[in-house]
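First comes the structure, then the notes that go with it.
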Amino acid sequence: MDIRKACRRAACGLLCLSAIYAFQRPFRQFHGVEYYSFELTPDWRDTAEFAFARLMFPPGPLNGYRGRDAEWHEGISLWTQDYPRADRHFSQAVRRLTRLHTRSVEQPVNLDEGDAYDWPWLYAVQVGEWGLTDSQGKLLREYCLRGGFFMADDFHGQEEWYEFESRMKKAFPEYPIRDIEDSDAIFHTVYDLNDRYQIPGQAHLYNGYKGGADGRGAHWRGIFDAQGRVMVAISYNSDIGDAWEYADDPRYPAKFADLAIRLGVNYIIYSMTH
12 MDIRKACRRA ACGLLCLSAI YAFQRPFRQF HGVEYYSFEL TPDWRDTAEF
62 AFARLMFPPG PLNGYRGRDA EWHEGISLWT QDYPRADRHF SQAVRRLTRL
112 HTRSVEQPVN LDEGDAYDWP WLYAVQVGEW GLTDSQGKLL REYCLRGGFF
162 MADDFHGQEE WYEFESRMKK AFPEYPIRDI EDSDAIFHTV YDLNDRYQIP
212 GQAHLYNGYK GGADGRGAHW RGIFDAQGRV MVAISYNSDI GDAWEYADDP
262 RYPAKFADLA IRLGVNYIIY SMTH
């Protein structure tokens, strides 16, 4: 073999290896607004076919942690609500209830870093208080249109709905937000979930909802692509993440945790099969 060809092939090989490692961002644990530190699972280094991906995002006008999360990309920010306890509890449930090979630890994803396409599922909490930028909205749109699945959770009342909807309209101007029908496959992929009810957060169990009267009543909405696939699943006036977070707490009602886990399992399997 010509030595120059051998050198070129070796160089190409090194470039390929470099590209592979460049796109495999290592797992990193951030400090959260509720949990500053959290013990890692024994098998946190093990890879798997699925990992719970949590969206990192900047705070918005309604941010409840104003003054604490200027460096949102470093943690201790709005996007870390319930993190990582909710993520790991739910991942454990997915391991037990499905045959999906699931990683025990979550994956924080910053759209600006361009690695969202590595994860078929993306979850965000408190999206009524976020400050998703126009450029991030375009990246989220591209992620969803290429087959990604985005779950938007834990926002309540008309004011928070407006903050969420206004950013979604910028990202998906031609795709309306509408109620997901009971007959949709997303509610029947693993569990039949015709009986869905409002899931309150742990701090709002007494009232059963957060905020004023406009926080009452669960709404399960979505954004659908041209083929009718749910790209964005929206749990408005419910706090699914809290139900995952407190699933092992005897003081948190089991019926809320049960529905939240079943709903999440359906969403994941739907995202992997549709």
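The sequence shown runs 12 to 285 under the working numbering. Virtual Cβ for every residue (Gly too), placed ideally from N, Cα, C. Everything numeric in this text was worked out from a predicted model, so none of it was measured.
The three-state reading of DSSP puts Tyr134 in strand, counting E and B together. Where Arg96 is concerned, the enclosing alpha helix (DSSP H) starts and stops at 96-108.
Here the C-alpha atom of Arg157 lies approximately 12 angstroms from the C-alpha atom of Ser282.
By the Cβ-count criterion, Pro119 is buried, with 16 or more other Cβ atoms from all chains shown falling within 10 Å of its own Cβ. DSSP places Ile245 outside any alpha helix (DSSP H); the residue lies instead in the beta strand (DSSP E), whose first and last residues are 241-247. In the three-state scheme derived from DSSP, where H, G and I count as helix and E and B as strand, Asp190 is classed as strand.
Take the alpha-carbon of Ala163 and the one of Ala104: they are about 20 angstroms apart.
Taking a cut-off of 8 angstroms on C-beta distances, the region 83-95 does not touch the region 178-193, as fewer than three cross pairs fall below it. In the three-state reduction of the DSSP assignment, Phe61 falls in the strand class, which pools E and B. Distances from the CA of Asp260 to each of Tyr247, Lys221, Arg96, Tyr47 were compared; the closest alpha carbon is that of Arg96. Beta-bridge partners assigned by DSSP to Leu143: none are found.
DSSP, read as helix, strand or coil, puts Asp269 in helix. Distances from the CA of Gly275 to each of Ser102, Arg56, Ala59, Leu216 were compared; the closest alpha carbon is that of Ser102.
Minimum Cα-Cα distance from Ser115 among the listed residues Gln209, Gln40, Lys266 corresponds to Gln40. Taking the Cα of Val241 as reference, the smallest distance to any Cα among Ser249, Asn248, Arg232 is reached at Arg232.
Contact annotation: the region 159-178 touches the region 141-148, with at least three C-beta pairs closer than 8 angstroms. For the 8 angstroms CB-CB criterion, Leu133 and Ala214 do not form a contact.
Here Tyr257 is buried. Its C-beta has 16 or more other C-beta atoms within 10 Å. Of the candidates Ala271, Gly239, Gln238, Ala271 places its Cα closest to the Cα of Asp253. Checking the DSSP bridge columns, you'll see Gly86 partnered with His42. Every beta strand (DSSP E) stretch that sits fully inside the region 194-240 and reaches 3 residues is listed by chain position as 230-235.
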